[in-house]
Amino acid sequence: MNTVDIPRLRNIVGEKNIKTDPLDLFIYGADASVYHAAPWVVVRPDNTEQVQKVMAYANDAKIPVIPRGGGSGMCGQTVSIKGGILLDMKNMNRILEINMPDVYCRVQPGVVDDDLNAALKPYGVFYPPTPASSRIATIGGEIGNNASGVRSVKYGATRDAVLGLKVVLANGDLVTLGAHTRVEASGYQLEKLIVGSEGTLGVVVEAIMGFVPIPEFRCLGVANFDSLRDAGNAIGDIMASGTIPSMLELVDDVAIKAVNKTMGLGLKEVAASLLFEADGKVMEAVEYEVAKMQEICKKNNGADLWYSFDAKEREQIFMGRKKLFPALSQFDASMASTSLADDMAVPYSKMADMAAKIHEAAEKNGIIMTAYGHCGSGCMHTKIMMDVSKKEQWQGAKRAITEIYEYVNSIGGTTSAEHGIGISKADAFRTEKADSLKMMAAIKAALDPNNILNPGKLQQAPEDWVTATDLRYAVNS
Amino acid sequence: MQTTETKFKNLEKWEGMLAKCIRCGYCYEHCPMFKFTRWESDAPRGKNILAHGLLTGSIELTREIAEKSFSCFFCKRCEAACSSGVQITDIMLDMRRDLVELGYKKDIGTISTTDRSCARCLQCVRACPHDAREYIDLEGIVVDPVKCKSCGICVEICPIEAISIPLPFGTDTENMDQKAAEFLNSTESAKVICFACNWSYHPDIQNSKMPESETHDKEYEILVNLCGGRLDKNLLLTPFLNQAWGVLVGVCPDGECTHDGNIAALKRVTKMKETLETLDINPDRIHLVQIPRGDKQLFQAEIDTFMEKINQLGPIR
C-alpha cells in the first residue's frame with residue numbers, strides 16, 4: 001500500500017509542487033472516463049531533471065507512476081488503479097521553439113493543443129491532429145494516446161506529426177528518440193513506439209512536432225439520406241474516388257434527434273447526414289473536390305445537397321455536429337452520456353453495417369446508443385445513454401459492447417481509433433491483438449522491468465471493466 | 478459507490494446533474510483560479526467531483542473541502558463553456574448553504590473578511606453590489622458567505638485596508654503590482670501594462686508559455702484582474718513608477734459589469750489622468766476602454782491603437 005517517501009519527493013519537486021491532501025487525491029482520481037481511483041500523492045515536476053529523479057526513486061522503491069496531462073482521457077488511462085505517484089505534467093508547459101525554416105516546433109509535454117495552435121497561427125501554420133478536447137488536452141497526453149480528430153482523414157494522427165521525442169525511462173535515464181527531420185531510416189522508430197503507449201513505456205519530456213500550412217479556402221457540403229446504407233455507400237465511394245476530404249462526418253438519426261430536442265436547431269430528421277469538407281490554397285481546386293463529393297452523394301440517393309465557402313454559413317451548419325456532445329449529455333433527465341465502446345474504426349465499406357449493428361445491439365440490451373464520427377478516417381464514435389444508477393443498465397451496456405466488438409473484429413476493424421485503450425477497452429484490445437500480446441509484454445518488461453509505469457492499463461488492464469475498479473457513479477446493486 | 482443518507486439537504490437535488498458532468502474539463506481554460514495555480518483541484522471540474530463525492534459518501538467533509546467550495550469569483554465562464562450544461566455555480570451555492578449550516582461561515586476561501594481594525598464606517602456595506610455585508614450590533618460587519626461573490630469591491634473601498642480575501646488567487650493588488658513591475662523591469666522592450674478584466678477579455682494562450690523568441694521583444698503585458706473596480710490608484714501608478722510609457726485599462730461596457738466595477742474604474746482612471754497632468758505628464762498615457770464579453774478582436778485592436786499612440790509619445794522624460 002502507501003509507502004511513498006513524501007519528504008523525498010518534496011525535496012525533489014519542492015513544497016509548491018506536491019499534493020497529499022485527500023481532497024486533491026480524490027480529484028486526481030478521476031479523468032473523463034467512468035472510473036475513479038485515487039493516487040497516493042500528486043507530484044508536479046518543473047523540469048526534466050525532476051522527472052528523472054522522481055522516476056529513479058519510484059523505480060528503486062517499486063512505486064507506480066502515472067503520467068498525466070489534461071486528464072481528458074476517456075478510457076481511464078490516467079486513473080491510478082494501482083495507487084502510486086500521479087505525475088502531473090502541467091508545469092512543463094513551455095513552447096520551446098517555432099522553427100519555420102525547418103518546419104517543426106519543439107514543445108514541453110504540458111503545452112495545451114489549442115495554445116500551440118494559437119502560437120503557430122501568426123506564422124500561417126497549424127498543428128493538425130487536434131482532437132475535440134484540444135482546449136484542455138496536452139501534447140504529452142496526445143502523444144501517449146496517439147490522439148486525432150475531425151481532420152485526421154487528410155492530416156493524420158499524432159503519430160504522423162511526431163518527428164522526435166525526449167523520454168525519461170522507468171529507471172530515470174533520459175533518451176533522445178527520432179530526429180529533427182521529416183524522414184528518418186536510422187533503425188527502430190522508437191519515437192513511434194512511445195506514441196500510443198499510454199504512459200506505460202516512459203515519460204515524454206520534450207517533443208519535436210511537424211506542422212502544416214493553414215489552408216486559405218475551406219468549403220463544407222451537406223447531404224441527407226433516408227437510408228443509413230446509402231450514406232455508408234457514399235462514404236466508401238468518396239474515399240475510393242481519389243478525392244481528399246479534409247473532413248467527412250456521419251451523423252445518425254439518434255444524434256440528429258438529440259440535437260433537435262435539446263438545441264431546437266430544427267435539422268431535418270433523416271436516417272443519416274453526411275458533412276464533407278475540402279480545403280486548400282486554390283479555390284477552384286477546393287470547389288472541384290467538394291463538387292465531386294456532392295456528385296457521389298447524389299448518386300447514392302443523397303438529398304438536400306448544399307455547399308458553401310462562407311465561414312458563417314459553414315459554422316451554422318457545423319454547429320449541429322459541434323453541439324452533439326452536449327446534446328447527448330442532456331438527452332434525457334434520467335440518463336447520463338457515457339464513453340465506453342466509443343471510437344472503433346472499421347473499413348469504409350462496412351461503415352453502414354457498423355452503424356446498424358450499434359443500433360441493433362443497443363435496442364437488444366435496453367440502452368440508447370448513437371453512431372456518428374469521422375468516417376473519412378474509418379472512425380465511428382458512439383455514446384451510450386443510460387441510467388447510470390442502475391446496475392442492470394451497466395450489464396446491458398456490457399453485453400452490447402461485447403457484441404459490437406465481436407462484430408468489429410470479424411470485419412477487420414480495430415478497437416480504438418482515437419481515444420486509446422486504458423481500462424475500458426482492454427478486453428476487446430486483448431482479443432484483437434491476441435498474437436502480439438507476448439511481444440508487447442516483452443517490450444514492456446525490457447523498458448520497465450519493475451512494472452511501475454502506469455501499471456494495469458492496456459494489455460495489463462483488469463478483465464472485468466465494470467467491477468474491476470470503482471465506477472465514478474453511485475450504482476444501486 | 479453507494480448513496481448514503483445525506484447531510485447536504487440543498488446539494489442533494491443536484492446529484493443527477495453532477496453525474497451528467499462528463500468531466501471533459503472544458504471549464505479549465507476559463508477558470509481564473511485554475512489558470513493561477515494549474516492544480517486540477519482548483520478547477521470547476523474538481524469541485525463537481527468533490528460535490529459528487531460528498532453526496533455519494535465517497536469522501537468525508539473536511540475544512541479543506543469546504544474551502545474549495547467557498548472559492549469562486551463567479552465569472553461563470555465555466556458554466557458558459559460547459560459541454561453538458563451543468564449549472565456549476567448554482568450547485569456551488571447550494572453546497573455553500575449546506576456548509577453554512579454545518580458551521581463553515583467565515584474566514585474561508587475567497588469570501589471577503591473584515592479584521593478587527595474595522596472602523597465601522599459602513600462604506601463596504603453600502604458599496605457591496607451583492608448585498609452580502611451588514612452591520613450587526615456586538616458582532617460588527619458580518620458577511621453572508623452565500624451572497625458574497627468575492628468581487629473585491631469592498632476590499633478596494635475600505636479606507637483603512639481592513640478587508641481582505643483570504644485566498645486571492647493572484648487577484649490581490651500586491652500580486653498584480655509584482656507582475657507589472659517584474660515585466661517592466663525584466664523586459665528591455667517593455668512599454669505598456671494592459672489591465673484586462675476577466676469577464677470581458679482574457680488572452681489567447683491559456684495554460685502554456687510562449688517561446689522566448691516570441692516574448693523577448695514584447696512591448697506590452699496583459700494582466701488579467703478580476704474586475705476593473707479592483708484597480709486601486711496605487712496599482713495604476715505602479716507601472717509609471719517602473720518606467721512604463723503608458724497604461725491601458727479594459728473593463729466591461731456600461732450596464733454589463735456584475736459589480737459596477739467599470740464605473741469605479743472610470744473614476745480612478747479619471748483621477749489618475751489628473752494626477753499625471755499635475756506631474757506634467759500627458760494624461761493620454763492612461764486610457765480606459767470598454768470591451769464586451771469575450772471580444773478578443775476588439776481588445777487587440779484597442780491595444781494596437783494605444784501602442785501606436787504611445788510609440789508616438791515616446792518614453793516619459
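Chains R and X, in that order, are what the protein sequence lines are.
Here the first sequence is numbered in the working numbering, starting from 1 and rising by one per residue.
Here the second sequence is numbered in the working numbering, starting from 478 and rising by one per residue.
Even glycine gets a Cβ: it sits at the ideal position worked out from N, Cα and C.
Supposed contact pair residue j and residue i - C-beta distance, whole angstroms, cut 8 Å
{"i": "V563 (chain X)", "j": "K497 (chain X)", "result": "6 Å"}
{"i": "I588 (chain X)", "j": "S627 (chain X)", "result": "7 Å"}
{"i": "F511 (chain X)", "j": "A673 (chain X)", "result": "Going by Cβ atoms, the distance from F511 (chain X) to A673 (chain X) rounds to 17 Å, so no, they are not a contact pair."}
{"i": "T648 (chain X)", "j": "N719 (chain X)", "result": "Not confirmed; about 20 Å, so no contact."}
Straight-line gap, residue i to residue j (C-alpha atoms, nearest Å)
{"i": "F660 (chain X)", "j": "E541 (chain X)", "result": "34 Å"}
{"i": "D694 (chain X)", "j": "L165 (chain R)", "result": "29 Å"}
{"i": "S134 (chain R)", "j": "A147 (chain R)", "result": "10 Å"}
{"i": "V746 (chain X)", "j": "G738 (chain X)", "result": "12 Å"}
{"i": "N476 (chain R)", "j": "V388 (chain R)", "result": "9 Å"}
{"i": "N145 (chain R)", "j": "Q393 (chain R)", "result": "28 Å"}
{"i": "D113 (chain R)", "j": "V205 (chain R)", "result": "16 Å"}
{"i": "S484 (chain X)", "j": "P213 (chain R)", "result": "As written in the sequence, residue 484 (chain X) is Lys, which differs from the Ser given in the question. Cα-Cα distance, rounded: 57 Å."}
{"i": "G172 (chain R)", "j": "K433 (chain R)", "result": "30 Å"}
{"i": "E384 (chain R)", "j": "A371 (chain R)", "result": "Looking at the sequence itself, residue 384 (chain R) is Ile, so the reference to Glu does not match. I384 (chain R) and A371 (chain R): Cα-Cα distance of roughly 10 Å."}
{"i": "L274 (chain R)", "j": "G373 (chain R)", "result": "10 Å"}
{"i": "K298 (chain R)", "j": "P347 (chain R)", "result": "22 Å"}
{"i": "D310 (chain R)", "j": "L495 (chain X)", "result": "39 Å"}
{"i": "L471 (chain R)", "j": "A426 (chain R)", "result": "16 Å"}
{"i": "G706 (chain X)", "j": "N662 (chain X)", "result": "26 Å"}
{"i": "F646 (chain X)", "j": "F547 (chain X)", "result": "13 Å"}
{"i": "L163 (chain R)", "j": "G196 (chain R)", "result": "15 Å"}
{"i": "Q774 (chain X)", "j": "V724 (chain X)", "result": "19 Å"}
{"i": "K710 (chain X)", "j": "P643 (chain X)", "result": "22 Å"}
{"i": "L488 (chain X)", "j": "L576 (chain X)", "result": "10 Å"}
{"i": "A278 (chain R)", "j": "E287 (chain R)", "result": "8 Å"}
{"i": "D187 (chain R)", "j": "M439 (chain R)", "result": "Per the sequence shown, residue 187 (chain R) should be read as Gly rather than Asp. About 18 Å."}
{"i": "F550 (chain X)", "j": "I568 (chain X)", "result": "14 Å"}
{"i": "T782 (chain X)", "j": "P131 (chain R)", "result": "36 Å"}
{"i": "M209 (chain R)", "j": "H736 (chain X)", "result": "45 Å"}
{"i": "A461 (chain R)", "j": "Q683 (chain X)", "result": "34 Å"}
CB contact below 8 Å: residue i versus chain X
{"i": "V203 (chain R)", "result": "no"}
{"i": "E97 (chain R)", "result": "yes"}
{"i": "P22 (chain R)", "result": "yes"}
{"i": "I136 (chain R)", "result": "yes"}
{"i": "K90 (chain R)", "result": "yes"}
{"i": "I27 (chain R)", "result": "yes"}
{"i": "S133 (chain R)", "result": "yes"}
{"i": "A311 (chain R)", "result": "no"}
{"i": "G76 (chain R)", "result": "no"}
{"i": "L454 (chain R)", "result": "One point to set straight first is that residue 454 (chain R) is Asn, not Leu, in the sequence displayed. It does not; no Cβ of chain X falls within 8 Å."}
{"i": "N47 (chain R)", "result": "no"}
Below-8 Å beta-carbon distance, residue i vs any chain R residue
{"i": "C549 (chain X)", "result": "no"}
{"i": "S546 (chain X)", "result": "no"}
{"i": "S663 (chain X)", "result": "no"}
{"i": "L488 (chain X)", "result": "no"}
{"i": "K773 (chain X)", "result": "no"}
{"i": "G530 (chain X)", "result": "yes"}
{"i": "K497 (chain X)", "result": "yes"}
{"i": "N684 (chain X)", "result": "yes"}
{"i": "R540 (chain X)", "result": "no"}
Beta-carbon proximity check, residue i vs residue j, cutoff 8 Å
{"i": "E691 (chain X)", "j": "I670 (chain X)", "result": "no"}
{"i": "I758 (chain X)", "j": "S677 (chain X)", "result": "no"}
{"i": "R610 (chain X)", "j": "C631 (chain X)", "result": "yes"}
{"i": "K16 (chain R)", "j": "V42 (chain R)", "result": "no"}
{"i": "L9 (chain R)", "j": "G202 (chain R)", "result": "no"}
{"i": "P129 (chain R)", "j": "A170 (chain R)", "result": "no"}
{"i": "W722 (chain X)", "j": "L790 (chain X)", "result": "yes"}
{"i": "E269 (chain R)", "j": "N260 (chain R)", "result": "yes"}
{"i": "K582 (chain X)", "j": "P622 (chain X)", "result": "yes"}
{"i": "L700 (chain X)", "j": "M653 (chain X)", "result": "yes"}
Mind the definition here: the region 303-319 of chain R touches the region 332-347 of chain R only if three or more C-beta pairs lie below 8 Å; say whether that holds. no
So does the region 228-242 of chain R actually touch the region 352-366 of chain R, counting three or more Cβ pairs closer than 8 Å? yes
Contact between the region 88-96 of chain R and the region 68-76 of chain R (3+ Cβ pairs under 8 Å): yes
Segment contact, 8 Å Cβ cut-off, at least three pairs: the region 100-115 of chain R with the region 524-542 of chain X: no
Taking 8 Å as the cut-off, does the region 77-85 of chain R touch the region 455-464 of chain R (at least 3 CB pairs, one atom from each stretch)? yes
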